[in-house]
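Each residue of the sequence shown is one higher than the one before, starting from 1 at the first, in the UniProt record's numbering.
Using N, Cα and C, we set each Cβ at its ideal position, and we do this for glycine too.
Heads up: the structure comes next, in C-alpha cells.
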Amino acid sequence: MQLVYGQEQLIIQTDQTTLVFTIGKDKKLYQSYLGARLNPADYAKIKDIRHEAYHPAGTDNLFEPAIQVLQADGNPSLDLRYQKHDVQQVDGHQQTIIELRDPQYPVKVNLILKAFPKESIITSSVTIENEGKKPVVLKQYASSMLHLDAPNYWLTQFHGDWAAEMRMDEVPLNSGIKIIDSKLGARADMYQSPVFYVAEDKPASETTGKVLAGTLAWTGNFRFAFEVDNHNSLRIISGINNYNSEWPLAAGEQFNTPAFIFTFSDQGKGQASRNLHDWARNYAVLDGKEPRLTLLNNWEATGMKFDQQKLVHLFDNGVTLGVDLFLLDDGWFGRKYPRDNDHTSLGDWQEDPKKLPDGLGYLAKAATDKGIKFGVWLEPEMVSPKSELYEKHPDWILKLPNRDEHYYRNQLVLDLTNPKVQDFVYDVVDKTLSIDQHIAYVKWDCNRMMTNTYSPYLKHEQSKVAVAYVQGLYKVLDRLRQKYPHLPMMLCSGGGGRTDYGGLKYFTEFWPSDNTDGLERIFIQWGYSNFFPANTIAAHITSWGKQPLKFRTDVAMMGKLGYDIEVGHMNEQELAFSKLAVATYKQLSPIIWQGDLYRLLNPYEQPQAALMYVAKQKNEAVVFQFDWNTERRNKPAYPVLLQGLDAKKQYRVEEVNLMPDSKSRVDEHGGAYSGDYLMKVGLHFNGQHYASSVVKISTGEGTTK
Ligand code: GLA
Numbered sequence: 001m002q003l004v005y006g007q008e009q010l011i012i013q014t015d016q017t018t019l020v021f022t023i024g025k026d027k028k029l030y031q032s033y034l035g036a037r038l039n040p041a042d043y044a045k046i047k048d049i050r051h052e053a054y055h056p057a058g059t060d061n062l063f064e065p066a067i068q069v070l071q072a073d074g075n076p077s078l079d080l081r082y083q084k085h086d087v088q089q090v091d092g093h094q095q096t097i098i099e100l101r102d103p104q105y106p107v108k109v110n111l112i113l114k115a116f117p118k119e120s121i122i123t124s125s126v127t128i129e130n131e132g133k134k135p136v137v138l139k140q141y142a143s144s145m146l147h148l149d150a151p152n153y154w155l156t157q158f159h160g161d162w163a164a165e166m167r168m169d170e171v172p173l174n175s176g177i178k179i180i181d182s183k184l185g186a187r188a189d190m191y192q193s194p195v196f197y198v199a200e201d202k203p204a205s206e207t208t209g210k211v212l213a214g215t216l217a218w219t220g221n222f223r224f225a226f227e228v229d230n231h232n233s234l235r236i237i238s239g240i241n242n243y244n245s246e247w248p249l250a251a252g253e254q255f256n257t258p259a260f261i262f263t264f265s266d267q268g269k270g271q272a273s274r275n276l277h278d279w280a281r282n283y284a285v286l287d288g289k290e291p292r293l294t295l296l297n298n299w300e301a302t303g304m305k306f307d308q309q310k311l312v313h314l315f316d317n318g319v320t321l322g323v324d325l326f327l328l329d330d331g332w333f334g335r336k337y338p339r340d341n342d343h344t345s346l347g348d349w350q351e352d353p354k355k356l357p358d359g360l361g362y363l364a365k366a367a368t369d370k371g372i373k374f375g376v377w378l379e380p381e382m383v384s385p386k387s388e389l390y391e392k393h394p395d396w397i398l399k400l401p402n403r404d405e406h407y408y409r410n411q412l413v414l415d416l417t418n419p420k421v422q423d424f425v426y427d428v429v430d431k432t433l434s435i436d437q438h439i440a441y442v443k444w445d446c447n448r449m450m451t452n453t454y455s456p457y458l459k460h461e462q463s464k465v466a467v468a469y470v471q472g473l474y475k476v477l478d479r480l481r482q483k484y485p486h487l488p489m490m491l492c493s494g495g496g497g498r499t500d501y502g503g504l505k506y507f508t509e510f511w512p513s514d515n516t517d518g519l520e521r522i523f524i525q526w527g528y529s530n531f532f533p534a535n536t537i538a539a540h541i542t543s544w545g546k547q548p549l550k551f552r553t554d555v556a557m558m559g560k561l562g563y564d565i566e567v568g569h570m571n572e573q574e575l576a577f578s579k580l581a582v583a584t585y586k587q588l589s590p591i592i593w594q595g596d597l598y599r600l601l602n603p604y605e606q607p608q609a610a611l612m613y614v615a616k617q618k619n620e621a622v623v624f625q626f627d628w629n630t631e632r633r634n635k636p637a638y639p640v641l642l643q644g645l646d647a648k649k650q651y652r653v654e655e656v657n658l659m660p661d662s663k664s665r666v667d668e669h670g671g672a673y674s675g676d677y678l679m680k681v682g683l684h685f686n687g688q689h690y691a692s693s694v695v696k697i698s699t700g701e702g703t704t705k
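The following block contains the structure:
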C-alpha cells in the first residue's frame, strides 16, 4: 500500500508533551504523535497518517468513532476535512482551534485544544454546528479521540459504590473494546469515576513508565472507550455518554462538548498527578490557590436529631477545637413535613419551626458571636414525595407518567431541564444565603441517580434529558457564582458521587466518601489524589473505624481537614491532642494544599502507606506515614525513601502531631539530614499496629506561618 503523506503539521506542545497532527493530502486530519516532548527539529520527520484524529462514523471508519451524525436527509455519514486553524495565547495557555467541515453536508466541527505549558496539561473539546436549514441528529459527540501505539497497554480504573469509592484496579487492554461509563444521570460517579490512566508498554509505577492520565469535566454521564484494533493500536474516545442521549441539532444550532483533560508523563503516575494538581489549582477549581476553612460538621454526631440549643452548644465545641466553621447538615428544614428522617421534606427549604424557632439567621449570628463561621447543607435538586413542593409542582419532577414512581433514598430528582425549575433551585440557594450575611458556606448534596426518567418539560425530546440536566445545573451554578463569586461550597453526592472538574469550577472542595474509617480512607484518598489536589479533598475525623483518634486525624490531615464527631465524648487527652492537631494543621496546610505530592508507599502493596507534600521552594515538606501491619515478624519495616527534596539542602526532621506524652516514631538524629540522605537512605519509622506519623521536614528558612 502506498501512503500519501501530507506536509502541513499542527503541533500542540507543553513542557513535557508533544501532540502532532498532520493534514493529509486528502485534507483529513491525522494524529501522528502523542508522547514525551520532542525537539522541534524532529517534527518534520513525523509523518504518520494511520490514525484519523477525530474519526467520524459512516464513511471509512472501521472502529469506534469519535462522532456520528444522522444528516437531515437520512444519510448516516459524516466526512471531516481540514479547513483552517487558528492559534492564540489565552490566559496562561495556547489555544488551537482546528476547523473541519463535511464537503457534502453543512456540518462544521471545531476541535479546540488548549495546551498549558508549565502544567503539561492539554484539554480537548469540540463544537459541532449545523449550518444547514434542516435539523440533524448527533448520535455520538466525543470531546476527544487519542491514538497510542505500543506493544502493551495497561488501564488503571477507579470504581466503587457508596462508602467504597475509588477502588483502584489495573488491567491489560487487549484486542477489542473496553468501556468505562456512567448512565446514572445525577450522582453520576457513584459506580465509576470519570478518571483513568493508560500506561504504555508495561504498568507505570509512581516514578517510572509512560502514562497518560485523563478525566472529563462533566457532572453527568461520561464514557471512555478504549479500543485495541487489528494492528494493536489503541484509540481512546472520551466524552459525554451517548447512551440514550441523541442530541437533535436544529438549523443554525451549535453543540459544545465538555473538556477532556489529559497529561502525558514518561516518569510515572506521580508526575502525571502533580501536573493535574498544578493545573487544577491554577485554572480549574474555584479559588484553587486560596486557603480553605477547617470545620466541625454535625451529621455523624447528631443525624437529624437536634434543636437550636443543641447546635449553639456544638458551636462551642468548634470553638474549643479551633476550627473555622460550623456546618449544619441535613434535618433543619420542613414546615408542613418536618425533616426528621429521609422520607420527607426535600424541596421545602424553610426552617423547621420546632427545631429552629429563631431560624438560620439566629444560628448564623450566634456562631459569629462565638467567633466561628456558619455553613449549611442543601440538596436543592431533589424532592421528597412527601413535601409541599411535590404537592404544588408534580410537573417539575423527572418521572415516567405511566409507571410507578421509583425511589432511591426515598426521593426523586427535579427536572432541571425546565428553566422554571432552574429558577427554583437558584432561589433555594440564594434565599438561604440571603437569610443572613453570616451564612458563609454551603454543602451541596445530591443523593440519588436518575431512574424511570421522563422530563415533562422536554416532551418529545426525551433523549436530551441527561445532557440538558447538567446544562441546567451549570446555568444555576453560573448564576450563583455571579452573585457569590467566592463563597466556599462543598460538592457532595451521597459521598463521592460527583467528582469531576466540570463541577469543581464552581466548588472549592468535594466530599469523597461517607466512609471515614481511617484505614479505608487511606485507600479512598489515595485514589482521588491521583487526579485531584489535596485542597479539594474534604477529609473529616469521625467515629467510624477502630483505629486510634491519632491515626484517623493523621489521615484527615492529608486532605482538607474537618471534624464530624461528638467532641463531648472525647477524653481529656484526646481533646488536648485534637486542639493541637487543628493548630498544627493550620501551620502545615499551605504545604499540603499547594505543595507537590509524592506518593511514597502504596497501601495496595503492603500494610503501610506513606505520602509527602513538598513546598514549591523545596524548603519544607510534610511526610505522612501509616502502618497497620500485624505480622511484623515476617515483614521487616523498610525505611521510607523521601522524594522531591533538594539533594544539596540540609533539612531538620521533626515528628509533629504527637499524642500528649508519646514519643516520636522516627529517629530525628538531632534533626539534621541532607536531602540526598533522606531520598537515598530514608526515614525509619518504628512500626506498630495502627501507628501513624506526621513528620515536618524543613531547612529552617521556612515560609510556613
Ligand atoms: C449524604 C452525605 C452525608 C450527609 C447526608 C445527609 O449521604 O454524603 O455527608 O450530608 O447525605 O442526609
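> In this structure, does DSSP put threonine 704 in helix, strand or coil?
Replying inline: Translated into positions along the sequence shown, residue 704 becomes position 704. Caution applies to threonine 704, whose pLDDT of 47 falls short of 50 and renders its modelled position unreliable; the model cannot decide the point.
>> Cutting at 6 Å between CB atoms, please list the residues of its own chain near glycine 503, excluding the five before and the five after it.
In response: The sequence position of residue 503 within the sequence shown is 503, counting from 1. Result list for glycine 503: Thr219 and Leu491, in chain order.
> On the three-pair Cβ rule with 8 Å, is the stretch 165-174 touching the stretch 136-145?
Replying inline: no
> With 16 other CB atoms within 10 Å as the buried threshold, where does proline 488 fall?
Replying inline: Reading the sequence shown from its first residue, position 488 is the one you call residue 488. So proline 488 ends up on the buried side.
> Does the stretch 234-251 touch the stretch 204-216, meaning 3 or more C-beta pairs lie closer than 8 Å?
Replying inline: yes
> Going by C-alpha distance, which of Lys134, Gly318 and Pro353 is nearest tryptophan 332?
Replying inline: Here residue 332 corresponds to residue number 332 of the sequence shown, with the count starting at 1. Ranking Lys134, Gly318 and Pro353 by Cα distance to tryptophan 332 puts Pro353 first.
> With distances taken between CB atoms, is the gap from leucine 327 to tyrosine 441 smaller than 8 Å?
Replying inline: On the sequence shown, position 327 is the one that residue 327 refers to. On the sequence shown, position 441 is the one that residue 441 refers to. Taking 8 Å as the Cβ cut-off, leucine 327 and tyrosine 441 qualify as a contacting pair.
> Are alanine 115 and isoleucine 12 close, meaning C-beta to C-beta below 8 Å?
Replying inline: Stepping through the sequence shown from its first residue, residue 115 is reached at position 115. Stepping through the sequence shown from its first residue, residue 12 is reached at position 12. The answer is yes: Cβ separation under 8 Å.
>> Counting only beta-carbon separations shorter than 8 Å, does proline 488 have a partner in chain B?
In response: Among the chains in the structure shown there is no chain B, since it carries only a single protein chain.
>> Count Cβ pairs between the stretch 511-530 and the stretch 544-555 that sit closer than 8 Å; are there 3 or more?
In response: yes
>> So for leucine 3, helix, strand or coil by DSSP?
In response: Counted from its first residue, the sequence shown places residue 3 at position 3. Model confidence at leucine 3 stands at a pLDDT of 36, short of 50, so the residue's coordinates are unreliable; what they give is reported in the following sentence. If DSSP states are grouped into helix, strand and coil, leucine 3 belongs with coil.
>> Tell me which residues share the same chain as lysine 386 and place their Cβ nearer than 8 Å to its Cβ, disregarding the 5 neighbours each side in the sequence.
In response: Residue mapping note: residue 386 aligns to position 386 of the sequence shown, counting from 1. Once the five neighbours on either side are set aside, the close Cβ partners of lysine 386 are Tyr337, His343, Thr344 and Ser345.
> Quick one: what does DSSP say asparagine 686 is sitting in, helix, strand or coil?
Replying inline: The sequence position of residue 686 within the sequence shown is 686, counting from 1. In the structure shown, asparagine 686 sits in coil (DSSP, three-state: anything other than H, G, I, E or B).
>> Strictly by DSSP, which residues pair up with asparagine 282?
In response: The residue labelled residue 282 in the question sits at position 282 within the sequence shown. Beta-bridge pairing links asparagine 282 to no other residue.
>> Can you check which of these residues, Leu389, Tyr585 and Tyr563, is closest to phenylalanine 315 by C-alpha distance?
In response: Here the question's residue 315 lines up with position 315 in the sequence shown. Comparing Cα-Cα distances from phenylalanine 315 to each of Leu389, Tyr585 and Tyr563, the minimum goes to Tyr563.
> Does DSSP classify asparagine 130 as helix, strand or coil?
Replying inline: Position 130 of the sequence shown, counted from the start, is the residue given in the question as residue 130. Correct three-state label for asparagine 130: strand.
> Within the chosen definition, does the stretch 551-570 reach the stretch 614-630 through at least 3 CB pairs nearer than 8 Å?
Replying inline: Output reads yes: the stretch 614-630 touches the stretch 551-570.
>> In whole angstroms, give me the CA-to-CA distance for leucine 19 and serine 32.
In response: For the purposes of this step, residue 19 is taken as the residue at position 19 of the sequence shown. For the purposes of this step, residue 32 is taken as the residue at position 32 of the sequence shown. Approximately 8 Å between the Cα atoms of the pair.
>> At 3 residues or longer, what runs of the beta strand (DSSP E) sit wholly inside the stretch 375-444?
In response: DSSP runs (the beta strand (DSSP E)) wholly in the stretch 375-444: 439-444.
>> Pop quiz: arginine 187 and glycine 497 are said to be a contact at Cβ under 8 Å. What is the actual Cβ separation, rounded to whole angstroms?
In response: Translated into the one-based positions of the sequence shown, residue 187 becomes position 187. Translated into the one-based positions of the sequence shown, residue 497 becomes position 497. Contact flag correct, Cβ pair sits at about 4 Å.
> Would you call the CB atoms of phenylalanine 255 and leucine 138 closer than 8 Å?
Replying inline: Taking the first residue of the sequence shown as position 1, residue 255 is located at position 255. Taking the first residue of the sequence shown as position 1, residue 138 is located at position 138. Yes; because the gap between Cβ atoms is below 8 Å, this pair is in contact.
> Under the three-state reduction of DSSP, which class applies to arginine 187: helix, strand or coil?
Replying inline: The residue you call residue 187 lines up with position 187 of the sequence shown. When DSSP states are grouped into helix, strand and coil, arginine 187 belongs to the coil group.
>> According to DSSP, is isoleucine 98 part of a helix, a strand, or is it coil?
In response: Locating residue 98 in the sequence shown gives position 98, where the first residue counts as 1. Secondary structure at isoleucine 98: strand, using DSSP grouped into helix, strand and coil.
> Would lysine 28 be called buried (16 or more neighbouring beta carbons within 10 Å of its own) or exposed?
Replying inline: The residue labelled residue 28 in the question sits at position 28 within the sequence shown. By the 10 Å Cβ count, lysine 28 comes out buried.
>> So, does the stretch 650-666 touch the stretch 677-691, judging by three or more C-beta pairs under 8 Å?
In response: When Cβ pairs closer than 8 Å are counted between the two stretches, the stretch 650-666 is seen to touch the stretch 677-691, the count reaching three or more.
> CA-CA distance, glycine 472 and alanine 284?
Replying inline: Taking the sequence shown and counting its residues from 1, the one referred to as residue 472 is at position 472. Taking the sequence shown and counting its residues from 1, the one referred to as residue 284 is at position 284. The straight-line gap from Cα to Cα measures roughly 20 Å.
> Looking only at its own chain, which residues have a Cβ that is under 6 Å from the Cβ of glutamine 95, when we skip the five neighbours before and after it?
Replying inline: What you label residue 95 is simply residue 95 of the sequence shown in a count that begins at 1. Answer for glutamine 95: Gln88 and Lys114, listed in chain order.
> How big is the Cα-Cα spacing for aspartate 60 and proline 419?
Replying inline: Within the sequence shown, numbered from 1, the residue matching residue 60 stands at position 60. Within the sequence shown, numbered from 1, the residue matching residue 419 stands at position 419. About 41 Å.
>> In the DSSP assignment, the alpha helix (DSSP H) including histidine 147 goes from what residue to what residue?
In response: Residue mapping note: residue 147 aligns to position 147 of the sequence shown, counting from 1. Premise fails: histidine 147 lies in the beta strand (DSSP E), 144-149, not in any alpha helix (DSSP H).
> Thinking just about the alpha-carbon of each residue, which of Thr417, Glu165, Thr156 and Ala164 is nearest to the one in lysine 178?
Replying inline: As a position in the sequence shown, residue 178 is number 178, starting the count at 1. Looking at the Cα atoms, Thr156 is the closest of the given residues.
> Would you call the stretch 60-78 and the stretch 120-138 touching, i.e. three or more CB-CB distances under 8 Å?
Replying inline: yes
>> I'd like the span of the alpha helix (DSSP H) that includes phenylalanine 531, first residue to last.
In response: Looking up residue 531 in the sequence shown gives position 531. Element bounds for phenylalanine 531: n/a, residue is neither H nor E.
>> Please state whether the Cβ-Cβ distance between alanine 539 and methionine 558 is less than 8 Å.
In response: Along the sequence shown, one-based indexing puts residue 539 at 539. Along the sequence shown, one-based indexing puts residue 558 at 558. Yes, Cβ-Cβ distance for alanine 539 and methionine 558 is below 8 Å.
>> Excluding the 5 residues flanking aspartate 91 on each side, which residues of the same chain have their C-beta closer than 6 Å to its C-beta?
In response: As a working note, residue 91 is residue 91 in the sequence shown. Closer than 6 Å at the Cβ level, and outside the excluded window around aspartate 91, lies no residue.
> Is it the case that the Cβ atoms of alanine 280 and threonine 123 are separated by a distance below 8 Å?
Replying inline: As a first step, residue 280 is located in the sequence shown; it is residue number 280 there, counting from the start. As a first step, residue 123 is located in the sequence shown; it is residue number 123 there, counting from the start. The answer is no: Cβ separation not under 8 Å.
> Can proline 357 and valine 425 be called in contact, C-beta distance under 8 Å?
Replying inline: Position 357 of the sequence shown holds residue 357. Position 425 of the sequence shown holds residue 425. Contact: no.
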